[in-house]
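Peer 1: Each step along the sequence shown adds one to the number in my numbering, with nothing skipped, and position 69 is 70.
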Amino acid sequence: MIKKEGFFVAPKKQKASVSKLKTPTDLPDNATLSVAQALNQALADSYALYLKTKNFHWHVSGPHFRDYHLLFDEQAAEILAVTDAIAERVRKTGNTTLRSIGDIARHQTIKDSDAEFVTPQDMLVELREDNLSLVQTFRAVKSAAAEAGDNATEGVVDDWTDQAEQRAWFLFETSRSA
């Protein structure tokens, strides 16, 4: 608080500059920017997939309700955990992450599902395809990281890819008819 003419007033807020958020790194700025852009794409798609998976978890119905409900909840938790790791990796490269739902919407390639009703079979297929799409996004992150010489990002993205592939596999096997 600043005393002005006998009154205490709050100081004017200053806009945060990007340099205040710049994390030191040994990688060149142009290299980290391409990695951060790829990571932010993965972050947007991961959040979109997380919300879609939770949506299906909340709205699944039918004879396999319990199994699908639990499967979707497990997968959503796994996806949400990855979002934090992705965002922290962006910050470690000296860049900034997505900041809002609007920012996510502008970057996501995974389509939302706003349908009033989706059959359980269609849920399984849609989530499987979205997880495979996320695998491709993670491969683009790995490629950008390799090109930038960012070994740390290149290494952790393998785990994220493996998790998305496993989710796609489980969804595929669950969707098969006997």
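Yeah, the Cβ is synthetic: ideal placement off N, Cα and C, and Gly gets one too.
#1: Taking the CB atoms as reference points, tell me whether Thr138 and Gln42 lie closer together than 8 Å.
#2: Using beta-carbon positions only, say whether Thr162 and Val136 come within less than 8 Å of one another.
#3: By the 10 Å Cβ neighbour count, where 16 or more other Cβ atoms means buried, how is Gly95 classified, buried or exposed?
#4: Quick check on Arg100: does DSSP put it in helix, strand or coil?
#5: Counting along the chain, where does the alpha helix (DSSP H) carrying Ala147 start and finish?
#6: Just checking, does the region 101 to 118 make contact with the region 141 to 149 on the three C-beta pairs under 8 Å criterion?
#7: For Pro64, count neighbouring Cβ atoms within 10 angstroms of its own Cβ and tell me buried if that reaches 16, exposed if not.
Peer 2: Checking against the coordinates, here is how it stands:
#1: yes
#2: yes
#3: buried
#4: coil
#5: Pro121 to Ala149
#6: no
#7: exposed
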